[in-house]
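Novice:
Number of protein chains: 2
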Amino acid sequence: MRDRIFSGTVCGMGTEEPQGLRERKKVATREALAAAALRLAEQHGVAGVRVDDIADAAGVSPRTYNNYFSSREQAIVAALAAERSLRIGAALRARPDGEPLSVAVVEAVVSQYDDGPGADALGLLADAPALHAEYLESISALEAPLAAAVAERGRTLDDETVAVLAAAVAAAARSAAGRWLTGIRAGMAPDPSGLVAVTTPASLADAIRASLTVLSPALAALDRAG
Amino acid sequence: MRDRIFSGTVCGMGTEEPQGLRERKKVATREALAAAALRLAEQHGVAGVRVDDIADAAGVSPRTYNNYFSSREQAIVAALAAERSLRIGAALRARPDGEPLSVAVVEAVVSQYDDGPGADALGLLADAPALHAEYLESISALEAPLAAAVAERGRTLDDETVAVLAAAVAAAARSAAGRWLTGIRAGMAPDPSGLVAVTTPASLADAIRASLTVLSPALAALDRAG
DNA sequence: ACACGAAACTGCGTGCACGCAAATATGCGT
DNA sequence: ACGCATATTTGCGTGCACGCAGTTTCGTGT
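As structure tokens, then:
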């Protein structure tokens with residue numbers, strides 16, 4: 096019990112029952128901590144959130160808080176993003192059998208971000224660089240579960256290829272999200288330096304979809320080879 | 096003077112003269128800190144290195160040490176890897192004009208890793224997960240300078256495409272390096288679980304080159320479009 | 001119901017990252 | 001050489017991440 100506890104790691108968040116009282120309490124504790132962190136951030140700004148207060152609000156010790164999150168930004172992002180990266184496996188498994196990887200992967204990834212951060216969340220992300228970074232890191236977390244799901248689906252692909260593909264896709268998505276957030280922030284407060292790109296996709300999902308088109312040739316090559 | 100001080104950021108490490116006494120002292124301090132960190136790690140193991148001792152050995156205050164590095168792993172990796180990620184710009188600019196991106200990018204990236212970590216470094220990396228992670232992070236640092244260099248070279252490419260490409264290449268290289276290190280470590284101490292891939296490329300450069308072939312179709316598509 | 005083992009929580013101590021402000025060193029103009 | 005501005009270093013205080021070990025809670029078998 097010393098790795099950060101992901102609520103979705105074991106129980107699959109919605110498709111399987113938690114395994115017992117211990118597991119149910121872990122899920123509840125994690126969600127309580129994340130919800131408390133977000134609420135406190137909305138009240139005091141991210142910089143004003145103390146880990147002691149998060150722990151108090153969730154009814155656990157600060158040391159227990161640390162068992163779940165290693166920073167307040169992680170806790171806040173857990174509330175904002177609800178570990179959607181960890182659901183990529185299920186999303187890809189839900190794609191139609193026989194669908195080309197170049198379509199299945201893109202659709203599965205993009206579908207995780209159909210509902211991007213709301214106005215309150217965008218406000219928080221704009222005000223706290225560390226929170227922005229953690230949010231992008233949460234997108235990078237697509238990598239491992241995506242690799243596992245692709246390996247399952249594309250059984251003729253070697254492990255190296257799968258791993259590289261997953262790393263590239265996760266990085267593209269993270270990179271696009273970063274630019275999207277920057278563009279949104281510029282929309283909220285015009286950037287005096289004038290360096291921000293003129294066109295920001297309407298949604299996070301669109302931004303991620305556009306980024307994955309750059310990788311389409313590589314994905315398509317795997318379809319032909321597989 | 097509150098961002099981490101990179102020795103290569105301004106002076107280009109070898110092609111331009113440092114700008115003055117201030118800059119020369121900053122370079123010297125950073126190098127002294129990195130060298131001290133590595134020496135102490137070799138003597139005491141990574142876990143036995145204290146930031147106070149690094150600072151003492153380099154003749155600065157702990158607070159100053161923190162101006163350069165935010166962790167001892169960063170300091171050690173700085174000594175091991177010598178900021179080679181930051182040299183990708185120069186490497187790409189040195190590629191022949193007119194060479195396809197699919198070749199220039201691969202060759203420039205791979206050339207940074209022609210001499211990978213030596214036996215001592217591999218021993219340190221094997222013993223300290225946080226050091227291993229920081230080493231991989233240093234490879235991820237390829238992203239921004241690579242994007243800048245590609246933008247310069249492929250002037251017909253839009254910014255989004257450049258950024259996605261750079262993110263994907265850096266992630267592929269990082270991912271490959273991680274597997275390479277894991278394979279090397281397995282070679283040093285057979286993995287009882289038997290899960291480690293049977294074939295490890297002979298060198299880090301080979302591993303990175305192989306990973307970039309997965310992205311070749313995407314790079315090649317840009318060549319045709321550009 | 002009870003005993004035991006494993007998992008999770010907790011308190012404590014320690015090392016450390018970083019904001020803040022004062023002190024020091026360098027660069028520049030006269 | 002001197003004065004001033006700027007960059008860098010330093011000391012200090014504070015919040016916090018985490019190893020360690022003891023306590024509590026849950027799960028399982030009898």
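Residue numbers (our numbering), protein chains in the order written: chain A, 96 to 321; chain P, 96 to 321. Every residue gets a Cβ at the ideal spot worked out from N, C-alpha and C, and that includes glycine.
#1: Put leucine 252(A) into one of helix, strand or coil per three-state DSSP.
#2: Please determine, among Ala177(A), Ser180(A), Val200(A) and Arg179(A), the residue with the shortest C-alpha to C-alpha distance to arginine 188(A).
#3: When the Cα of threonine 308(P) is compared with those of Ala152(A), Tyr230(A) and Val257(A), which residue comes out closest?
#4: If we cut at 9 angstroms on Cβ distances, does threonine 256(A) have a partner in chain P?
#5: Cβ closer than 8 angstroms: which chain P residues qualify as neighbours of proline 312(A)?
#6: Among residues of its own chain, excluding the 5 on either side of glutamate 238(A), which ones have a beta-carbon nearer than 6 angstroms to its beta-carbon?
#7: Take aspartate 192(A) as the anchor and find which of Arg250(A), Glu229(A), Ile234(A) and Arg280(A) has the nearest alpha-carbon.
#8: Out of curiosity, what's the CA-to-CA distance linking proline 157(A) and valine 146(A)?
#9: From leucine 181(P) to serine 233(P), what distance separates their C-alpha atoms?
#10: With 9 angstroms set as the bound, which would you pick, yes or no: does the beta-carbon of alanine 225(A) sit closer than that to a beta-carbon of chain P?
#11: Leucine 299(P) versus chain A: which residues are under 8 angstroms apart at the beta carbon?
#12: Quick one: Cα of alanine 284(A) to Cα of alanine 271(A), how far?
#13: Counting only beta-carbon atoms, is leucine 260(P) nearer than 9 angstroms to chain A?
#14: Going by CA-CA distance only, name the one from Ala228(P), Glu202(P), Ala214(P) and Leu133(P) that's closest to leucine 314(P).
#15: What are the boundary residues of the alpha helix (DSSP H) that glycine 115(P) is part of?
#16: What first and last residue would you give for the alpha helix (DSSP H) that runs through glutamate 202(P)?
#17: For the alpha helix (DSSP H) holding aspartate 222(P), just list the boundary residues, first then last.
#18: Looking at chain P, is there any beta carbon in it that lies within less than 9 angstroms of the beta carbon of alanine 265(A)?
#19: Determine, using beta carbons only, whether alanine 177(P) comes closer than 9 angstroms to chain A.
#20: Go through its chain and collect everything with a Cβ distance to valine 245(P)'s Cβ below 8 angstroms, but skip five positions before and after it.
#21: Do alanine 170(P) and leucine 133(P) have their C-beta atoms within less than 9 angstroms of each other?
#22: If you count every other CB in all the chains shown that lies within 10 Å of the CB of glutamine 138(P), and 16 or more means buried, which is it?
#23: Please decide whether alanine 170(P) counts as near chain A, where near means a Cβ-Cβ distance under 9 angstroms.
#24: Is it buried or exposed for alanine 297(P), if we count other Cβ within 10 angstroms and need 16 for buried?
#25: Check distances from the C-beta atoms of the region 266-283 of chain A to those of chain P and list, in chain order, the residues that come in under 8 angstroms.
#26: Say whether chain P places a C-beta atom closer than 9 angstroms to the C-beta of serine 306(A).
#27: I need the boundaries of the alpha helix (DSSP H) containing proline 312(A), first residue and last residue.
#28: Mind checking the region 201-214 of chain A against chain P and listing, in chain order, the residues whose C-beta falls within less than 9 angstroms of any C-beta there?
#29: Please report the distance separating the alpha-carbon of leucine 217(P) from that of alanine 268(P).
#30: Quick one, which of Ala142(P), Ala176(P) and Arg319(P) has its alpha-carbon nearest tyrosine 230(P)'s?
#31: Looking at the structure shown, is alanine 177(P) part of a helix, part of a strand, or coil, going by DSSP?
#32: Mind pulling the chain A residues with CB within less than 7 angstroms of valine 309(P)?
#33: Pull up the CB-CB distance for valine 172(P) and leucine 135(P), whole angstroms please, since I reckon it's below 8 angstroms.
#34: Give a yes or no on whether the C-beta atoms belonging to alanine 300(A) and serine 206(A) are separated by under 9 angstroms.
#35: For valine 141(P) and leucine 219(P), which I take to be in contact (beta-carbon distance under 8 angstroms), what is that distance rounded to the nearest angstrom?
#36: Among the residues of its own chain, which have a CB less than 6 angstroms from the CB of proline 287(A), if the five just before and after it don't count?
Specialist: The answer reads as follows:
#1: coil
#2: Val200(A)
#3: Val257(A)
#4: yes
#5: Pro312, Ala313, Ala315 and Ala316
#6: Ala261, Ala262 and Ala265
#7: Arg250(A)
#8: 7 angstroms
#9: 9 angstroms
#10: no
#11: The premise fails here: leucine 299(P) is roughly 14 angstroms from chain A at the closest Cβ pair, so nothing lies under 8 angstroms.
#12: Residue confidence for alanine 284(A) is low, a pLDDT of 48 falling below 50, so the modelled location carries little weight and cannot support an answer.
#13: yes
#14: Glu202(P)
#15: Counting along the chain, glycine 115(P) falls outside any alpha helix (DSSP H), and DSSP gives it neither H nor E.
#16: 196-206
#17: 214-222
#18: yes
#19: no
#20: Leu187, Leu196, Val200, Leu252, Val257, Leu260 and Ala261
#21: yes
#22: exposed
#23: no
#24: exposed
#25: Ala266, Ala267, Arg269, Ser270, Ala271 and Arg274
#26: yes
#27: 299-320
#28: none
#29: 18 angstroms
#30: Ala176(P)
#31: coil
#32: Thr256, Val259, Leu260 and Ala313
#33: Rounded, the Cβ-Cβ distance is 14 angstroms, inconsistent with contact.
#34: yes
#35: 6 angstroms
#36: Unreliable positioning characterises proline 287(A) in this predicted model, as indicated by a pLDDT of 44, which lies under 50. A coordinate reading is not provided.
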